[in-house]
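Visitor:
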Amino acid sequence: MGNIKYRCSVCDKVFNNKEFKLTNDAEKCILHCEKDDWYDIKHNSKNWIKSENKIRYFWKRIRDLITQVSHKKNNMLDFNNVIFPQFEDIYYLDNKTETSNYELGNKEFNFVKYELEGLASYGKQPEFIVEVNINFTNSVFLDDVNFNHYKFKNFICFNKVKFQGKCSFINTEFNEVSFDNVNFFKEVIFENSILNFINYDDEKDFENTIFHEDVKFCTSKFSTVGSKKEYDIKFMGTQFKKISISSCDFEKGICFLRDTKADIVSINSATIDFLYIESDVPNIYISNNKKEINKLIIKHNTLKSLTIHNTIIKEDFLLNKEQYKKRDTFELDLLNLKESTFNGKVKIQFYDIQNASFYNTRFQDLADFYQTTFHKVDFERTDFLSISVFSETHFKCDVAFEYVKFWGKAIFRDTIIEGSLNLRDSIFNDEANFLNITKVKVDKDKEPKDINVVNRETARVIKNFYDNANNIIESNRFYKLEMEKREEELKKDIKSNFWEWLVFKFHEISSYHSQNWLLALFWIINFTFFYSHLKTFGGQPSDEYYTIPLILSFNILIFSFCEIYLYKKISFISILLTMMFSFGVYSISTRDFNLYCFSNNLNPFSIMTGKDELNFSSLIYKVTIAYLIYQFIISLRQNTRRK
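The UniProt record's numbering numbers the first residue of the sequence shown as 1 and each following residue consecutively.
1. Three-state secondary structure (DSSP) at Arg63?
2. In angstroms, rounded to a whole number, what distance separates the CA positions of Trp59 and Phe211?
3. With DSSP run on the structure shown, which of helix, strand or coil describes Glu508?
4. Note down the Cα distance separating Val281 from Arg456, rounded to an integer number of angstroms.
5. Assuming Val461 is part of the alpha helix (DSSP H), what are its boundary residues?
6. Please identify the residue among Arg362, Gly344, Asn268 whose C-alpha is closest to the C-alpha of Leu297.
7. I need the straight-line Cα distance from Tyr285 to Glu187, nearest angstrom please.
8. Could you tell me which uninterrupted beta strand (DSSP E) segments, each at least 3 residues in length, are contained entirely in the region 178-208, listed from first to last along the chain?
9. Could you tell me the distance, in whole angstroms, from the CA atom of Ile312 to the CA atom of Gln164?
10. Under 8 Å between the Cβ atoms of Ser244 and Phe217?
11. Keeping to the same chain, check which residues put their C-beta closer than 7 Å to that of Glu488; ignore five residues upstream and five downstream.
12. Of the choices Lys35, Thr219, Ile156, Ser388, whose alpha-carbon is the least far from that of Ile198?
13. With contact counted as at least three CB pairs below 8 Å, one residue from each stretch, are the region 339-354 and the region 370-378 in contact?
14. Figure out for me which residue from Phe174, His394, Phe406 has the closest Cα to the Cα of Gly419.
15. What distance in whole Å lies between the Cβ atoms of Lys151 and Phe136, which are believed to be in contact at a cut-off of 8 Å?
16. Suppose the cutoff is 8 Å on Cβ atoms and the five residues either side in sequence are ignored; what does the same chain contact list for Ser100 look like?
17. Can you name the start and end residues of the beta strand (DSSP E) that Asn133 belongs to?
18. Which complete beta strand (DSSP E) runs does the region 251-285 hold, if anything under 3 residues is left out?
19. Could you name the residues of the same chain whose beta carbon sits closer than 6 Å to that of Gln239, not counting the 5 residues immediately before and after it, in chain order?
20. Decide yes or no for the touch test of the region 45-53 against the region 64-82: beta carbon pairs closer than 8 Å, at least 3 of them.
21. Enumerate in chain order the residues of its own chain whose CB-to-CB distance from Thr415 is below 6 Å, with the five nearest sequence positions on each side excluded.
22. Might you give, ordered along the chain, the residues of its own chain that have their beta carbon closer than 6 Å to the beta carbon of Val215, omitting 5 neighbours on each side?
23. Have a look at the DSSP bridge pairing and note the partners of Lys242.
24. Between the Cα of Tyr231 and the Cα atoms of Asp249, Cys397, Asn283, which residue gives the shortest distance?
25. Roughly how many angstroms lie between the CA atoms of Cys8 and Phe20, to the nearest whole one?
26. Taking the alpha helix (DSSP H) that Thr23 belongs to, which residues open and close that run?
27. Quick one, are the C-beta atoms of Val399 and Phe379 less than 8 Å apart?
28. Check the DSSP bridge columns for Phe158 and list the partner residues they point to.
29. Mind checking which residues open and close the beta strand (DSSP E) that includes Met76?
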């Protein structure tokens, strides 16, 4: 019975009865047999204690095969359809633990035969050197994989391999490696590792590989053999849950091709010559501790969250450049460019952004946000050293340019600001264009709607730019807003500023701060009707015929005053109807249909040219009507004058 031989149906190798007792499978050797019964599941992990002898025998077979091949000229070892159990334990030497030589455990483990000598006696971790070419094809690693401190001197290929456990490549060096159609089902980490991808096919960097959990590249090097490849690493058809790259240098760059997918791409403290992303990546996070990315291109339109924090982008950054000609609108939940510097042009156009932050961001060249919509945005300590474009930008929120410096021309033409605007702490070193800035979108042939300004300094800043452009009509719009904010300031301490507020309020009600000539004319006519009515019947006995029209005339004034005071405006229809009603009451009750008395009273200088005597009521009227006529003239001039 001891001489019974079995033949493996997978590799066609003969194995003995001893091996059969371990596999319990007459048709498969120790390498290819199913190993689901080698372990138990405890606490959601695999427990291999019951199969220690089987595992020891399995790895001895692996090392024997490596030894056999290592002496051949063409030392290629194929592990086809091999099912790998748990790795044997390895005891490492490191700087944190003082360890004696015997604590290294077996001199033979997993893929290596190791002789204790030299470095180990000095407490330094030795390297585990593998000098044969290995091709893993259609193989499965059932548990965690530990290639820490391995140095693969020759070619290593992982093709259609499944890693069911965690994979650790710490201080691992691949002289030439390929990952093709690989499935990583748990976390993968490359730390202080060197990955030289094969140089005869530049499309083989993790091609069609799936990372079901996070993969981390930390302080690793990606050196291309012979330096013939376009990028240090190119992901083609790769799928990630989250890829984290930290403290790595990419002299040529990283490429995520269109058929690559990742939920999150996270880059920290990495120097990158060219970062090219055209794949489906909803979340991109870059925080580089002031390290440089020479060129950054993000082309695809599935992006939802983009953070570029504390990073220097040296060349132009055109977000979604290929879509601009179509003028599609793309939605973005988060745009965070905090503490970053953009040396080239920046174009973020046709986007609908829920939350944007430009805290301490520096734009050295053009910054263009044409037709972009912001639902929430923070501009604080931002520097625009060249032209900044907010043409047709739509702010559906309050926007404050706090301590923002506009060193170049600022363009806010046709900008829509639904919330409030604050320019109090902004610095403009060049001209600005606020033409047709409006609160809501209007047709081109219609007047823009007044925006909400937080303070009168904001209104004054915009007004000054219109003054410098000799655009008096637009300047008057913001002069009016400036006066409104001044009134709010006076109201805050009305006890101390009562008389100033009273004069200010009278100025507003009479002509809307010299902006509404029709309002001034309305007061002139109605106040004169009332005074003429009062003067005509001043000496008459009090009866219903005289009293009721006088009360009606007085109520017209009170009603108009209340409407203007409460609503800060009166419609043209209201003005027209009120004047017609005043004329009707006055003319019918006084029978002065030719307005003879009205016309004489309207002349503020009639007391100097006529024979009328001046009393106190006449004095009050003459002063008031002179002021209203002055406001009427100024209001007309404000809307028609030229400098």
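Every residue, glycine too, gets a C-beta built ideally from N, C-alpha and C.
Guide: Taking the geometry as given:
1. Three-state result, Arg63: helix.
2. Straight-line Cα distance between these residues: approximately 26 Å.
3. In the structure shown, Glu508 sits in a helix (DSSP, three-state: H, G or I).
4. Distance between the alpha carbons of Val281 and Arg456: 44 Å.
5. 456-468 is the extent of the alpha helix (DSSP H) around Val461.
6. It is Ile, not Leu, that sits at residue 297 in the sequence shown. Closest by alpha carbon: Gly344.
7. So the two alpha carbons sit approximately 19 Å from each other.
8. Listed in chain order, they are 188-191, 194-197.
9. The C-alpha of Ile312 lies about 39 Å from the C-alpha of Gln164.
10. Yes; because the gap between Cβ atoms is below 8 Å, this pair is in contact.
11. Excluding residues within five positions, none has a Cβ falling inside 7 Å.
12. Nearest C-alpha to Ile198: Ile156.
13. Verdict: yes, contact present.
14. With respect to the C-alpha of Gly419, the residue from Phe174, His394, Phe406 having the closest C-alpha is His394.
15. About 17 Å; that fails the 8 Å criterion.
16. Confidence in Ser100 is poor, its pLDDT being 36 and thus under 50, which makes the residue's placement unreliable; the coordinate value appears in the next sentence. The beta carbon of Ser100 sits closer than 8 Å to no other beta carbon from its chain once the five residues preceding and following it are set aside.
17. Looking at the DSSP string, the run of the beta strand (DSSP E) that includes Asn133 is 133-137.
18. For the region 251-285, whole beta strand (DSSP E) runs of length 3 or above, ordered along the chain, are 254-256, 261-268, 271-277.
19. Close CB contacts of Gln239 within its chain, under the 6 Å cut and outside five residues either way in sequence, are with Ile210, Lys261 (chain order).
20. Verdict: no, contact absent.
21. Within the same chain, Thr415 has close Cβ partners Phe390, Thr393, Ile437.
22. Exclusion of the five residues before and after Val215 leaves Val188, Ile243 as the residues of its chain whose Cβ lies within less than 6 Å of its Cβ.
23. Answer is Ile264, bridged to Lys242.
24. Selection Asp249, Cys397, Asn283 evaluated against Tyr231 yields Asp249 as nearest (Cα-Cα).
25. Linking Cys8 to Phe20 through their CA atoms gives a straight-line distance of about 10 Å.
26. Element bounds for Thr23: 17-23.
27. Closer than 8 Å, so yes.
28. DSSP, once it has assigned bridges, lists Phe136, Phe179 as partnering Phe158.
29. First-last of the beta strand (DSSP E) with Met76: 76-80.
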